[in-house]
């Protein structure tokens, strides 16, 4: 099973550069969501 970091790296390689800023925003929001509501995050994931 790939780690979350490896998953993001794979995504980054497959996404055009103009989307990287958007992905960074999603990533930071997901991280905040995960740290605030770990149980809910696990359910959504």
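Numbering (the numbering used here), first residue to last: 223 to 267.
Even glycine gets a Cβ: it sits at the ideal position worked out from N, Cα and C.
Query raised in the report: For residue 232, does the three-state DSSP call read helix, strand or coil?
Result: Counting from one through the chain shown, the residue named residue 232 turns up at place 10. The three-state reading of DSSP puts residue 232 in helix, counting H, G and I together.
**Report entry** Supposed close pair residue 233, residue 245 - CB separation, criterion 8 Å
**Finding:** The residue you call residue 233 lines up with position 11 of the chain shown. The residue you call residue 245 lines up with position 23 of the chain shown. Beta-carbon to beta-carbon, residue 233 and residue 245 are separated by about 7 Å, close enough to satisfy the 8 Å threshold.
Query raised in the report: Quick one: is the Cβ of residue 229 within less than 7 Å of any heavy atom of the ligand FAD?
Result: No copy of the ligand FAD appears in this structure; indeed no ligand is present at all.
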